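Novice: So the sequence shown is residues 1 to 75, counted in full-length UniProt numbering. Just so you know, even glycine gets a beta-carbon here, dropped at the ideal spot from N, CA and C. Source: prediction; values computed, not measured. My questions all concern the structure below.
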Amino acid sequence: MSTQTSDNFSAFASLHRYFALIENDKPTQEQAQIAVSQLHLVYGAESEEDLMRRGGPEIIQMYTDVKNKILNAAK
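As structure tokens, this is what we get:
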């Protein structure tokens, strides 16, 4: 398995755990920031900036929606 594929899978697993957490508990700001820091990897981008530069409008909108859901859960 390539490093990028492994990173993408790890990011997906982390986000899955985060969303399972918010079903039953309120996450901390730190947990939300960690989840956001992994989100771009799920979309195959090297960084949020890379995603914004290379992603199409639908991908960017999906990313933004998920990012907002992550951050709003910790408010």
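(1) Is Q38 near L15, with beta carbons less than 9 Å apart?
(2) Between the alpha carbons of I34 and R54, how many angstroms are there, rounded?
(3) Does L75 come out as helix, strand or coil in the three-state DSSP assignment?
(4) Ignoring anything shorter than 4 residues, give me the alpha helix (DSSP H) runs that lie fully in the segment 2-26, in order along the chain.
(5) Between the alpha carbons of L41 and D50, how many angstroms are there, rounded?
(6) Classify A13: buried if its beta carbon has 16 or more other beta carbons within 10 angstroms, exposed otherwise.
(7) On the three-state DSSP scale, how would you describe A35?
(8) Give every residue of the same chain whose Cβ lies closer than 7 Å to the Cβ of P57, excluding the five residues on either side of it in the sequence, and list them in chain order.
Specialist: On the basis of the data shown:
(1) Translated into the one-based positions of the sequence shown, residue 38 becomes position 38. Translated into the one-based positions of the sequence shown, residue 15 becomes position 15. Yes, the pair counts as a contact, with Cβ atoms nearer than the cut-off.
(2) Residue numbering aside, residue 34 sits at position 34 when the sequence shown is read from its first letter. Residue numbering aside, residue 54 sits at position 54 when the sequence shown is read from its first letter. Between I34 and R54, the C-alpha separation is close to 23 Å.
(3) As a working mapping, residue 75 is identified with position 75 in the sequence shown. Strictly speaking, residue 75 in this sequence is Lys, with Leu absent from that position. K75 falls in the coil class under three-state DSSP.
(4) The DSSP assignment places complete alpha helix (DSSP H) segments of no fewer than 4 residues inside the segment 2-26 at 3-24, in order along the chain.
(5) As a working mapping, residue 41 is identified with position 41 in the sequence shown. As a working mapping, residue 50 is identified with position 50 in the sequence shown. Going by the C-alpha atoms only, they are around 10 Å apart.
(6) Stepping through the sequence shown from its first residue, residue 13 is reached at position 13. Label assigned to A13: exposed.
(7) Your numbering for residue 35 matches position 35 in the sequence shown. Here A35 sits in helix by DSSP.
(8) Sequence index remark: in the sequence shown, residue 57 carries index 57 (1-based). Within the same chain, P57 has no close Cβ partners at all.
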